[in-house]
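Below is one structure, written out as structure tokens, with a few remarks after it.
Protein chains in written order, with my numbering: chain A, 1142 to 1596; chain B, 1142 to 1596.
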């Protein structure tokens, strides 16, 4: 075990790791996650949360330095990064790092993208910094999990600021000492509460993670100093925000074990425990036998799964699209009835569809902790006919059954269409896959700009 | 006891309390604390921390909307408020709310001052909002004390953002609902760690408290929504950041008990436990008997006081001015030798004065918990002469023995001189005392502008 401090050791890795050392699988995953990031950012570019934030933040933009994805609008790098992070995460449809439930890419990619519009950054440098930033973010998240989130910290926000600071810090070529200071500046700005989930307020700490990560790196570049042990210090981030943090885990296996490989992409805009249920219900929606009997004949819909399924999603009475994202009753009804499970199916409009409620009321839960959270069985009991059963062993979107590259491309197409920007997804998709060969990542953002439709 | 939620009840008070109801003593104290704020802000306007921050933040200022105190420079309201807050607090020479050790004015006054430069704000409205913001800030601090600071939260930063949000929220005329949202937005941005103390990093969370308080209020004004119980919710600010928070204390006696009256102003730029020791040593520096014998005859300097005095200030080996602010050895030596205890005596230069170390080495502590932290006895033991003893029962700067109005005026004069701005303190002092009659607080900031001497 190293005798160096954890913060210093992490900083050393961030400062010195080379693109040539990055395994091919990690390189490819970084492009997949970036593509997934664009899909969710494009889905929300005109969402009310983003509209209001852009109105307020836009008053304080010092110039049109960087693109607001899909909005046909530019702001300074701090505000552009903040709003792009907010947008990518507003529906919680972005990536999920399973050990921590961090959404790693949203706070880390936007600072790098914004910076790439102010000067030429190569695709390899960009991807390296994205990978390193996410690695720092997720490892710090691992070190404080599960105590940190359980206490009420919105872990993507609180750990995201470190990822953003390290990503941009590396891009700026900060020294090890400066990177330790940047970690300190990030620690001084780490915030975000679980209490805000389900409200617009959540997006503020997300945007701040990106914004303040940039500020942390820029201050460190000026030798604005900070504590020597911002992570593991007695009153440092780990000890203050988690009861039993494991500091050493932050640096164990750096460069050999990669957290980006524990990252997964959601097929549906819902809590991940609903993945197997939705997959089963989508299959049932085209089941010949069920179609023959009709949904009216359903007496009861039995969901068998890990008890977390019931604990997190037994919500028969919901009023908003946001709530519907964690309601099994709504998810089952809308998937069976519409045969789809996209953002439109988890919107305020979908929740207002009175025909769904009676079907959802037929849902009941059977707890069985021998199921993993990625598996579920759905049994539809019919009047005057034998039950129809669908078993999903490992749901799409699990780390063990990830979305294919093509699935992620389709997610970009679908969500781009949903978000109603004028962005053409095809050149963007192509550019992300080709990013390793790009000499100028700033060109990518021109493809994601879109046209302003609101003023 | 009210059945209303704590957050809602606080918001109701903030929204509805009237200037006509504010007791005269509270009104007067608000002017005293504002004057003290200007003294410390003027002392640090060209400090390296502020220079570096202004360089980075200035790159992102959208326009010269508001004054940077003493710097002859203007930035947008967010950045001006942040930097003025940083400056007022950088030496920890600003006010101290004794129950919590919050420095209440630094994060709350700058947002109001900046806003007052964008539109006409009357002195009465300004002072009312300052009082209400500080009240919210200190009461939230009371509710989480002492667990919050003990855990490692820099309480002025974490609670300051609420004060700033409530102060500006009231000035903007937000509704009760909007103020609850603003509390939520503040809760999502509350950050700052004790680990950063003694480094430039500390100033970041201070600046953010002011900046993000403004953002919280402006977002709420756009009906950007937030949680219903941001303070007392299960995963709200109180429960997440303190183990045994007392939510109800936030609203008990609102409008009758005033936290600004528990606020005190430091006579010396040191940890407050050093106040009685410094007062004793300053008296000794002019003691006829000691002058006759000379400091060379001192064998031993015995400090008798509460054990906190020793615990917080027994630091014989120090290297920086910042460390000297909490070193009894340095404080005793410099006060005896120079007969002064201002910022110059607690600077890097003073610490480098080799003649002070031998004198400081003669300091020893006698713990006696029958002493309050405001009292101390200093006994100087001399070679071939009887000891000289000075007892300080209640030190200047304690809540029970506050600085006089004239003392605070002199602090403005002294620190203004120290900070080397070109600001003339006399018209500023006069304007603060006359603020109740002012129709335009923005005029005040013209008196505090100064002239740029660095570029």
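Think of the CB as a built atom: it goes at the ideal place given N, C-alpha and C, for glycine as much as any other residue.
Under 7 Å from the C-beta of residue i: neighbouring residues of chain A
i                      : result
residue 1163 (chain B) : Under the 7 Å cutoff, chain A gives no residues; its nearest Cβ is about 31 Å from residue 1163 (chain B).
residue 1346 (chain B) : 1329 and 1330
residue 1209 (chain B) : Per Cβ cutoff of 7 Å: no residues; residue 1209 (chain B) is ~16 Å from chain A at best.
residue 1374 (chain B) : 1336
Residues that residue i contacts on chain B, provided the C-beta gap is smaller than 8 Å
i                      : result
residue 1337 (chain A) : 1325, 1328, 1329, 1367, 1368 and 1371
residue 1363 (chain A) : 1193, 1196 and 1197
Nearest-angstrom beta carbon gap, residue j and residue i [assumed within contact, 8 Å]
i                      : j                      : result
residue 1226 (chain A) : residue 1347 (chain A) : 5 Å
residue 1207 (chain B) : residue 1218 (chain B) : 5 Å
residue 1406 (chain A) : residue 1236 (chain A) : 5 Å
residue 1178 (chain B) : residue 1561 (chain B) : Not a contact, Cβ separation roughly 19 Å.
residue 1298 (chain A) : residue 1234 (chain A) : Between residue 1234 (chain A) and residue 1298 (chain A) the Cβ distance is about 17 Å, and since that is not below 8 Å, they are no contact.
residue 1353 (chain A) : residue 1392 (chain A) : About 23 Å separates the two Cβ atoms, so there is no contact after all.
residue 1504 (chain A) : residue 1415 (chain A) : Contact flag wrong, Cβ pair sits at about 12 Å.
residue 1506 (chain B) : residue 1450 (chain B) : 7 Å
residue 1465 (chain B) : residue 1491 (chain B) : 7 Å
Exposure label - residue i; buried when at least 16 CB within 10 Å
i                      : result
residue 1385 (chain B) : exposed
residue 1215 (chain B) : buried
residue 1375 (chain B) : exposed
residue 1222 (chain B) : buried
residue 1161 (chain B) : exposed
residue 1589 (chain B) : buried
residue 1332 (chain B) : buried
residue 1587 (chain B) : exposed
residue 1367 (chain B) : buried
residue 1212 (chain B) : buried
residue 1501 (chain B) : buried
residue 1592 (chain A) : exposed
residue 1336 (chain B) : buried
residue 1463 (chain B) : buried
residue 1437 (chain A) : exposed
residue 1143 (chain B) : Low per-residue confidence applies at residue 1143 (chain B): pLDDT is 48, beneath 50, and the placement is therefore not dependable, though the value from the model is reported in the following sentence. Counting Cβ neighbours within 10 Å, residue 1143 (chain B) comes out exposed, since fewer than 16 surround it.
residue 1157 (chain B) : exposed
residue 1527 (chain A) : exposed
residue 1515 (chain B) : buried
residue 1441 (chain B) : exposed
residue 1545 (chain B) : exposed
residue 1148 (chain B) : buried
Listed by chain order, chain B residues near residue i by CB distance under 9 Å
i                      : result
residue 1203 (chain A) : 1200, 1201, 1202, 1203, 1204 and 1217
residue 1460 (chain A) : Those do not exist, as residue 1460 (chain A) stays about 14 Å from chain B at its closest Cβ, beyond 9 Å.
residue 1318 (chain A) : Under the 9 Å cutoff, chain B gives no residues; its nearest Cβ is about 12 Å from residue 1318 (chain A).
Chain-ordered neighbours of residue i on chain A, where CB pairs are closer than 8 Å
i                      : result
residue 1378 (chain B) : 1334 and 1336
C-beta neighbour in chain D for residue i, strict 8 Å
i                      : result
residue 1285 (chain B) : Protein chains A and B are contained in the structure displayed, whereas chain D is not.
Chain B residues whose Cβ lies nearer than 7 Å to that of residue i
i                      : result
residue 1349 (chain A) : 1330
residue 1381 (chain A) : 1292, 1293, 1294 and 1334
residue 1359 (chain A) : 1197
residue 1448 (chain A) : Those do not exist, as residue 1448 (chain A) stays about 20 Å from chain B at its closest Cβ, beyond 7 Å.
Interface residues of chain A facing residue i [CB-CB closer than 9 Å]
i                      : result
residue 1307 (chain B) : Under the 9 Å cutoff, chain A gives no residues; its nearest Cβ is about 16 Å from residue 1307 (chain B).
residue 1545 (chain B) : Going along chain A, no residue has its Cβ under 9 Å from residue 1545 (chain B), so there is no contact; the nearest lies around 36 Å.
residue 1304 (chain B) : Within chain A, no residue comes near residue 1304 (chain B); the closest Cβ sits about 16 Å away, beyond 9 Å.
residue 1148 (chain B) : Chain A residues near residue 1148 (chain B): none, gap ~11 Å exceeds 9 Å.
residue 1608 (chain B) : Residue 1608 (chain B) is absent from the model: chain B starts at 1142 and stops at 1596.
Distance cut-off 7 Å: residue i Cβ against heavy atoms of the ligand FMN
i                      : result
residue 1557 (chain B) : For the structure depicted, the ligand FMN is absent and the ligand set is empty, with no information on it obtainable.
Segment contact flag, the stretch 1534-1542 of chain B with the stretch 1170-1189 of chain B, C-beta cutoff 8 Å, min 3 pairs: The stretch 1534-1542 of chain B vs the stretch 1170-1189 of chain B: no contact.
Validate contact between the stretch 1527-1534 of chain B and the stretch 1405-1422 of chain B using beta carbons, cut 8 Å, 3 pairs: Put simply, the stretch 1527-1534 of chain B touches the stretch 1405-1422 of chain B. At least three CB pairs are less than 8 Å apart.
Touching by the beta-carbon criterion (3+ pairs, under 8 Å), the stretch 1389-1401 of chain B and the stretch 1305-1312 of chain B: The stretch 1389-1401 of chain B makes no contact with the stretch 1305-1312 of chain B; the number of CB pairs closer than 8 Å stays below 3.
Sequence ranges, alpha helix (DSSP H) only - wholly within the stretch 1178-1210 of chain A, length at least 4: Counting only runs of 4 or more, we get 1189-1199.
Cβ contact check for the stretch 1574-1587 of chain B and the stretch 1261-1279 of chain B: 3 or more pairs under 8 Å: Flag = yes, the stretch 1574-1587 of chain B and the stretch 1261-1279 of chain B touch.
Whole runs of the beta strand (DSSP E) within the stretch 1444-1489 of chain B, excluding any shorter than 3 residues: List check, beta strand (DSSP E) in window: nothing returned.
Stretch-stretch touch, CB-based, cutoff 8 Å, three pairs: the stretch 1277-1293 of chain B with the stretch 1230-1245 of chain B: Yes, they touch.
Given 8 Å, three or more beta-carbon pairs between the stretch 1354-1373 of chain A and the stretch 1311-1331 of chain A: Because the criterion of three Cβ pairs below 8 Å is met, the stretch 1354-1373 of chain A and the stretch 1311-1331 of chain A touch.
The stretch 1264-1280 of chain A touching the stretch 1148-1163 of chain A, judged by at least three CB pairs closer than 8 Å: These segments touch.
At least three beta-carbon pairs within less than 8 Å, the stretch 1447-1457 of chain A to the stretch 1477-1493 of chain A: Counting Cβ pairs under 8 Å, fewer than three are found: no touch.
Uninterrupted alpha helix (DSSP H) stretches inside the stretch 1256-1328 of chain B (no shorter than 4 residues): Runs found: 1264-1285, 1288-1292, 1296-1312 and 1317-1328.
Uninterrupted alpha helix (DSSP H) stretches inside the stretch 1511-1565 of chain A (no shorter than 4 residues): Segments of the alpha helix (DSSP H) lying fully in the stretch 1511-1565 of chain A: 1546-1560.
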